[in-house]
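*Asks:* Mind having a look at this structure? Questions to follow.
Numbering (full-length UniProt numbering), first residue to last: 1 to 276.
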């Protein structure tokens with residue numbers, strides 16, 4: 001017998017002994033999405049069900065029973081998703097496909113944006129880390145993600161793929177957790193889905209003009225290098241609302257939007273959420 005199947009059957013027996021009932025079909029736990037490193041799950045189950053990922057309670061379904069789970073760039077080959085509500089339980093095991101991440105070189109960056117050393121600048125960067133951490137900690141009770149995303153720009157060119165291993169000015173750096181969309185300076189950036197702005201800062205050291213939007217349950221998108229912001233922190237936005245304008249502030253060598261996505265500290269590829 002397959003080891004995964006054996007483990008699931010053993011778990012079912014233990015749950016039955018405790019008085020809970022595990023769903024024998026997937027009707028009570030429907031999962032769609034992109035099951036790949038950097039991808040996601042959009043799930044439907046019982047309203048307000050507690051959602052476990054690999055045995056850890058990480059989120060809860062909305063009042064309509066909708067939830068989202070993100071897979072990090074370096075996610076393992078499998079994941080177990082479980083919903084629990086009112087003595088009931090439903091579980092599914094997923095296989096996570098590996099991503100294909102290229103290596104890219106970016107040269108000509110200002111040295112202070114690659115290896116900063118000035119004490120005052122390092123203090124500024126530390127303060128900005130705190131600001132970003134607070135913005136990413138949002139857990140909006142909403143499911144603006146449930147209908148998928150639009151591209152935040154029109155008429156763009158993908159200039160750097162998500163997840164690429166970066167070499168900056170010849171120095172190896174951490175992977176690039178954004179997808180770069182090259183577009184003319186001043187191109188309007190639009191909210192790809194409904195949500196709430198959790199951060200709007202016009203001049204961050206690395207990111208330049210930076211906006212974070214929580215689309216529900218901690219699924220947060222980020223918009224970097226903006227030349228102008230059209231939103232403020234705490235503002236609710238609808239799909240298509242103006243967020244700001246393409247710029248090249250911060251660590252950038254040309255006008256583009258670096259579009260990022262996180263779910264509870266897991267780095268995700270936002271392009272995989274785009275509706276087709």
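Built from N, CA and C at the ideal position, the CB exists for glycine as well. Computed from a predicted structure; not experimentally measured.
1) Given a threshold of 16 other Cβ atoms within 10 Å of its Cβ, counted over all protein chains shown, does residue 185 qualify as buried or as exposed?
2) From which residue to which residue does the beta strand (DSSP E) around residue 221 run?
3) From this set, 60, 182, 145, 204, which residue's C-alpha is nearest residue 155's C-alpha?
4) Residue 174 by DSSP, collapsed to three states: which one?
5) Is residue 25 helix, strand or coil by DSSP?
6) What is the C-beta distance between residue 244 and residue 208, in whole angstroms, given that I count them as a contact (C-beta under 8 angstroms)?
7) What residue ranges within the UniProt domain "M23ase beta-sheet core" (175-270) form continuous alpha helix (DSSP H) runs of no fewer than 4 residues, ordered along the chain?
8) Within its chain, find whatever has a CB closer than 7 angstroms to the CB of residue 48; leave out the 5 residues flanking it on each side and keep chain order.
9) Whole angstroms are fine: how far does the CA of residue 175 sit from the CA of residue 99?
10) Please report the residue range of the alpha helix (DSSP H) in which residue 124 lies.
11) Please identify the residue among 247, 257, 230 whose C-alpha is closest to the C-alpha of residue 285.
12) Just verifying my parser: in three-state terms, what is the DSSP assignment at residue 112?
13) Considering only their Cβ atoms, is the gap separating residue 129 from residue 168 smaller than 8 angstroms?
14) Where does residue 33 fall in DSSP's three states?
15) Please look up how many angstroms separate the CB atoms of residue 68 and residue 263, rounded, as I've assumed it's under 8 angstroms.
16) Enumerate in chain order the residues of its own chain whose CB-to-CB distance from residue 274 is below 8 angstroms, with the five nearest sequence positions on each side excluded.
17) Could you name the residues of the same chain whose beta carbon sits closer than 6 angstroms to that of residue 65, not counting the 5 residues immediately before and after it, in chain order?
18) With H, G and I counted as helix, E and B as strand and the rest as coil, what does DSSP make of residue 272?
19) Rounded to whole angstroms, what's the CA-CA distance from residue 215 to residue 38? Just pull it up for me.
20) For residue 267, count neighbouring Cβ atoms within 10 angstroms of its own Cβ and tell me buried if that reaches 16, exposed if not.
21) Excluding the 5 residues flanking residue 272 on each side, which residues of the same chain have their C-beta closer than 7 angstroms to its C-beta?
22) Which of the three DSSP states, helix, strand or coil, is assigned to residue 45?
23) Taking Cβ to Cβ, would you say residue 199 is nearer than 8 angstroms to residue 131?
24) Are residue 225 and residue 248 touching if we call contact CB-CB under 8 angstroms?
*Replies:* Reading from the atomic positions:
1) Working through the chain shown from its first residue, we reach residue 185 at position 185. Counting Cβ neighbours within 10 Å, residue 185 comes out exposed, since fewer than 16 surround it.
2) Residue 221 sits at position 221 when you count from the first residue of the chain shown. That run of the beta strand (DSSP E) goes 219-226.
3) Along the chain shown, one-based indexing puts residue 155 at 155. Answer by Cα proximity: 182.
4) Working through the chain shown from its first residue, we reach residue 174 at position 174. DSSP places residue 174 in coil when its eight states are reduced to three.
5) Counting from one through the chain shown, the residue named residue 25 turns up at place 25. Note that residue 25 has pLDDT 42, beneath the 50 cutoff, so the model's placement of it is unreliable and the number below is only indicative. Correct three-state label for residue 25: coil.
6) As a working note, residue 244 is residue 244 in the chain shown. As a working note, residue 208 is residue 208 in the chain shown. 10 angstroms between Cβ atoms; not a contact.
7) Counting only runs of 4 or more, we get nothing.
8) Reading the chain shown from its first residue, position 48 is the one you call residue 48. Once the five neighbours on either side are set aside, the close Cβ partners of residue 48 are 60, 61, 63, 85.
9) Translated into positions along the chain shown, residue 99 becomes position 99. Translated into positions along the chain shown, residue 175 becomes position 175. Each residue's alpha carbon lies about 13 angstroms from the other.
10) Reading the chain shown from its first residue, position 124 is the one you call residue 124. Run containing residue 124: 119-136, per the alpha helix (DSSP H) assignment.
11) Lying outside 1 to 276, the shown extent of the chain, residue 285 is not represented and no answer is given.
12) The residue labelled residue 112 in the question sits at position 112 within the chain shown. Residue 112: helix per DSSP, three-state reduction.
13) The count along the chain shown starts at 1 and reaches residue 168 at position 168. The count along the chain shown starts at 1 and reaches residue 129 at position 129. Not closer than 8 angstroms, so no.
14) Along the chain shown, read from residue 1 onward, the residue named residue 33 stands at position 33. Strand at residue 33.
15) Locating residue 68 in the chain shown gives position 68, where the first residue counts as 1. Locating residue 263 in the chain shown gives position 263, where the first residue counts as 1. Sure, about 7 angstroms apart at Cβ, within 8 angstroms.
16) On the chain shown, residue 274 is found 274 positions in, with the first residue counted as 1. Contacts found: 148, 149, 150, 151, 192.
17) Along the chain shown, read from residue 1 onward, the residue named residue 65 stands at position 65. Contacts found: 44, 45, 46, 47.
18) Working through the chain shown from its first residue, we reach residue 272 at position 272. Three-state DSSP puts residue 272 in a helix.
19) Position 215 of the chain shown, counting from 1, holds the residue named residue 215. Position 38 of the chain shown, counting from 1, holds the residue named residue 38. Looking at the two C-alpha atoms, the distance is approximately 17 angstroms.
20) Here residue 267 refers to the residue found at position 267 when the chain shown is read from its first residue. Answer is buried; the Cβ neighbour count reaches 16.
21) To locate residue 272, count along the chain shown from 1; it is residue 272. Cβ within range, chain order: 34, 38, 39, 40.
22) Indexing the chain shown from 1 puts residue 45 at position 45. Residue 45 falls in the coil class under three-state DSSP.
23) Here residue 199 corresponds to residue number 199 of the chain shown, with the count starting at 1. Here residue 131 corresponds to residue number 131 of the chain shown, with the count starting at 1. Cβ atoms of residue 199 and residue 131: closer than 8 angstroms.
24) If you number the chain shown from 1, residue 225 lands on position 225. If you number the chain shown from 1, residue 248 lands on position 248. In this structure, residue 248 lies closer than 8 angstroms to residue 225 by Cβ.
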